[in-house]
Ligand code: IPM
Ligand code: MN
């Protein structure tokens, strides 16, 4: 297969971790005879620094005309906590999601057996947990009208959803559940929010097309508690944009490190793959950032194109790295391995190179 992949490494640790994901894809290409052509482009703070625009036209055009986008991380502390700043790196990512129509963000959560102790939660609670969050990605308060009065004393972010926006992601969530344990949990705040009541109504209607899938509802405050108390109860969690953002960071604690979590953002025509962690500026250039989330995002890219045995090879390589403790210090505080070594192990494993013994 030939795939053209736009690579937006972004800010902070983005370039270091994405490099390891590219190495894994090159290795897969070599072993399974695929050609992956990468084309780099600017987005985020690096793009603002060079062009004044967090999502330059050229980047957007490239992404619209490639098979997939591999994205690293976004954000720079110089833009945080400064209300005077008008152009922010995050606007680049939000605009890209909107322009590519990436309405569904899929975030799988599953702890590795060898890492049960890496989580601050008790092993007996998280063992066997395996769920996927379907987060709506192009609606809600993120994209509603924003207002700030002239005096700077009153602000609002409108949260809006249409039946159509809810319907399309709901179908994806139910289809995914059909291939899993056949349960969808809708998370909302229907006791307070009108948008949540619309979500419930639409999700109920769509669910009638999937009689083999059970549907239940949880209020988001309770869901936040249940994810920690009893994560095994979940199979597919379906929720709106802001709730999904918050719950997925919370759920990452189950796996031991946010540095392990990958995601796919899908639309009708386009697809983007990214780790769920941020740009972690304090770690930039230090070879300490965990590349596994990016490498697993590359595996999700392979799956998206039906390359299942290739994706499984990447999953297997990551499992081996974890089993042999070739991991970064977020997972093992006294580890002597860094970003590069983990990435090197994974690509060597894919290539079945003998120097694996070096580890
Ligand atoms: C994420 C991130 C983004 C979001 C930020 C960087 C805009 O936190 O992908 O979860 O809030 O969606
Ligand atoms: Mn987030």
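Residue numbers (UniProt numbering): 1 to 359. We put the CB at the ideal spot given by N, CA and C, even for glycine. Predicted model, so just to flag it, every value in this text is computed and none were measured.
- Item | Which listed residue (212, 214, 270, 219) has its alpha carbon closest to that of residue 191 | In the chain shown, counting from the first residue as 1, residue 191 sits at position 191. Among 212, 214, 270, 219, the Cα nearest to that of residue 191 is on 219.
- Task: Determine the DSSP secondary structure at residue 7, reduced to helix, strand or coil.
- Result: As a position in the chain shown, residue 7 is number 7, starting the count at 1. Here residue 7 sits in strand by DSSP.
- Message: Please classify residue 312 as buried or exposed, where buried requires at least 16 other C-beta atoms within 10 Å of its C-beta.
- Response: As a working mapping, residue 312 is identified with position 312 in the chain shown. With fewer than 16 other Cβ atoms within 10 Å, it is exposed.
- Query: If you check the beta carbons only, do residue 263 and residue 276 fall under 8 angstroms apart?
  - Reply: The count along the chain shown starts at 1 and reaches residue 263 at position 263. The count along the chain shown starts at 1 and reaches residue 276 at position 276. Going by C-beta atoms, residue 263 is nearer than 8 angstroms to residue 276.
- Item | Cβ-based neighbour list, residue 340, same chain, cut-off 7 angstroms, excluding 5 preceding and 5 following | Against the chain shown, residue 340 aligns to sequence position 340. Around residue 340, the same chain offers 287 as residues with beta carbons nearer than 7 angstroms, after the five sequence neighbours per side are excluded.
- Item | Per-residue burial, residue 152 [other beta carbons within 10 Å of its own, 16 or more giving buried] | Within the chain shown, the letter at position 152 stands for residue 152. Exposed is the label assigned to residue 152, since fewer than 16 other Cβ atoms lie within 10 Å of its Cβ.
- Task: Spatial neighbours of residue 88 within its chain, please: CB distance less than 6 angstroms, with the 5 preceding and 5 following residues excluded, ordered by chain position.
- Result: As a working note, residue 88 is residue 88 in the chain shown. For residue 88, the CB contacts under 6 angstroms within the same chain, skipping 5 residues up- and downstream, are 79 in chain order.
- Please classify residue 77: does DSSP put it in a helix, a strand, or coil? Taking the chain shown and counting its residues from 1, one reaches residue 77 at position 77. If DSSP states are grouped into helix, strand and coil, residue 77 belongs with the helices.
- Message: By the three-class DSSP mapping on this structure, what secondary structure does residue 117 have?
- Response: Counting from one through the chain shown, the residue named residue 117 turns up at place 117. If DSSP states are grouped into helix, strand and coil, residue 117 belongs with the helices.
- Message: I'd like to confirm the pairing. Which residues does DSSP put opposite residue 70 in its beta bridges?
- Response: Counting from 1 along the chain shown, the entry for residue 70 is found at position 70. According to DSSP, which records beta bridges pairwise, residue 70 is partnered with 7, 273.
- Task: Since I believe residue 259 is in contact with residue 290 (beta carbons under 8 angstroms), could you give me their beta-carbon distance rounded to a whole number of angstroms?
- Result: Taking the first residue of the chain shown as position 1, residue 290 is located at position 290. Taking the first residue of the chain shown as position 1, residue 259 is located at position 259. Right, the Cβ-Cβ distance comes to about 3 angstroms (below 8 angstroms), so this counts as a contact.
- Which word fits residue 308, buried or exposed, when buried means at least 16 other C-beta atoms lie within 10 angstroms of its C-beta? As a first step, residue 308 is located in the chain shown; it is residue number 308 there, counting from the start. If you draw a 10 Å sphere on the C-beta of residue 308, you find fewer than 16 other C-beta atoms in it, and that means exposed.
- Message: Short of 8 angstroms in beta carbon distance, which residues of its chain neighbour residue 144, apart from the five on each side in sequence? Order them along the chain.
- Response: Start at 1 with the first residue of the chain shown, and residue 144 comes out as number 144. Leaving aside the five residues that flank residue 144 on each side, the residues in its chain whose CB is nearer than 8 angstroms to its CB run, in chain order, 157, 158, 159, 160.
- Which of helix, strand or coil DSSP assigns to residue 197: Position 197 of the chain shown, counted from the start, is the residue given in the question as residue 197. In this structure, DSSP gives residue 197 a helical state, which the three-state scheme calls helix.
- State the beta-bridge partners of residue 105 as determined by DSSP. Position 105 of the chain shown, counted from the start, is the residue given in the question as residue 105. The partner list for residue 105 (beta bridge, DSSP) reads 135, 265.
- Item | Helix, strand or coil at residue 228 [DSSP, three-state] | The sequence position of residue 228 within the chain shown is 228, counting from 1. Residue state, collapsed to three classes: helix.
- Message: I want to check one thing, is the minimum distance from the CB of residue 80 to the heavy atoms of the ligand MN below 7 angstroms?
- Response: In the chain shown, counting from the first residue as 1, residue 80 sits at position 80. Relative to the ligand MN, residue 80 has its C-beta separated by 7 angstroms or more from all heavy atoms.
- Task: Under 7 angstroms Cβ to Cβ from residue 92, same chain only, skipping five residues before and after it: list those, please.
- Result: Locating residue 92 in the chain shown gives position 92, counting from the first residue. Answer for residue 92: 43, 44, 47, 54, 55, 74, listed in chain order.
- Query: Any heavy atom of the ligand IPM closer than 7 angstroms to the CB of residue 245?
  - Reply: Here residue 245 is taken as the residue at index 245 of the chain shown, counted from 1. In this structure, the C-beta of residue 245 approaches the ligand IPM to less than 7 angstroms from one of its heavy atoms.
- Out of curiosity, what's the CA-to-CA distance linking residue 154 and residue 206? Within the chain shown, residue 154 is the residue found at index 154, counting from 1. Within the chain shown, residue 206 is the residue found at index 206, counting from 1. If you take the alpha carbons of residue 154 and residue 206, they lie about 38 angstroms apart.
- Query: According to DSSP, what are the bridge partners of residue 157?
  - Reply: The count along the chain shown starts at 1 and reaches residue 157 at position 157. BP columns for residue 157 point to 146.
- Task: Can you tell me which of the three DSSP states residue 82 falls into?
- Result: Along the chain shown, read from residue 1 onward, the residue named residue 82 stands at position 82. The answer is coil: DSSP assigns residue 82 none of H, G, I, E or B.
- Leaving out the 5 sequence neighbours to the left and right, which residues in its chain are closer than 8 angstroms to residue 26 when beta-carbon positions are compared? Taking the first residue of the chain shown as position 1, residue 26 is located at position 26. Beyond the five residues adjoining it in sequence on each side, residue 26 comes within less than 8 angstroms, by CB distance, of 36, 347 in the same chain, given in chain order.
- Simplified DSSP assignment, three categories, for residue 300: Against the chain shown, residue 300 aligns to sequence position 300. Residue state, collapsed to three classes: helix.
- Task: Starting from residue 346, trace the alpha helix (DSSP H) both ways and give me its first and last residue.
- Result: By 1-based counting over the chain shown, the position of residue 346 is 346. DSSP places residue 346 in the uninterrupted alpha helix (DSSP H) bounded by 339-350.
- Length at least 4, wholly inside the region 158-195: the alpha helix (DSSP H) runs in chain order: Taking 4 residues as the shortest admissible run, the region 158-195 contains the following complete alpha helix (DSSP H) segments, listed from N- to C-terminal end: 163-178.
- Examine the ligand MN and report whether any of its heavy atoms sits within less than 7 angstroms of the Cβ of residue 276. Within the chain shown, residue 276 is the residue found at index 276, counting from 1. Yes, since a heavy atom of the ligand MN falls inside the 7 angstroms radius drawn around the Cβ of residue 276.
- Message: For the structure I just gave you, are there three or more beta carbon pairs, one from the region 169-183 and one from the region 230-246, closer than 8 angstroms?
- Response: Touching, yes.
- Message: Going by DSSP in three states, residue 305 sits in which element: helix, strand or coil?
- Response: As a first step, residue 305 must be located in the chain shown, where it is residue number 305. Reduced to three states, the DSSP call for residue 305 is coil.
- Message: I need the DSSP call for residue 246, collapsed to helix, strand or coil.
- Response: Taking the chain shown and counting its residues from 1, one reaches residue 246 at position 246. Secondary structure at residue 246: helix, using DSSP grouped into helix, strand and coil.
- Item | Nearest neighbour of residue 111, chosen from 95, 132, 102 [CA to CA] | The residue you call residue 111 lines up with position 111 of the chain shown. Ranking 95, 132, 102 by Cα distance to residue 111 puts 132 first.
- Message: If I follow the unbroken beta strand (DSSP E) through residue 239, where does it start and stop?
- Response: Position 239 of the chain shown, counted from the first residue, corresponds to residue 239. In the DSSP annotation of this structure, the continuous segment of the beta strand (DSSP E) that includes residue 239 starts and ends at 236-239.
- Based on the DSSP secondary-structure assignment, which residues constitute the bridge partners of residue 214? Locating residue 214 in the chain shown gives position 214, where the first residue counts as 1. Partner(s): 183.
- Task: Determine the burial state of residue 76: buried for a count of at least 16 other Cβ atoms within 10 Å of its Cβ, exposed for fewer.
- Result: Counting from 1 along the chain shown, the entry for residue 76 is found at position 76. With 16 or more other Cβ atoms within 10 Å, it is buried.
- Query: Where does residue 127 fall in DSSP's three states?
  - Reply: Counted from its first residue, the chain shown places residue 127 at position 127. Note: residue 127 maps to coil in three-state DSSP.
- Message: Please determine whether the Cβ atom of residue 249 lies at a distance below 7 angstroms from any heavy atom of the ligand MN.
- Response: Here residue 249 refers to the residue found at position 249 of the chain shown. Yes.
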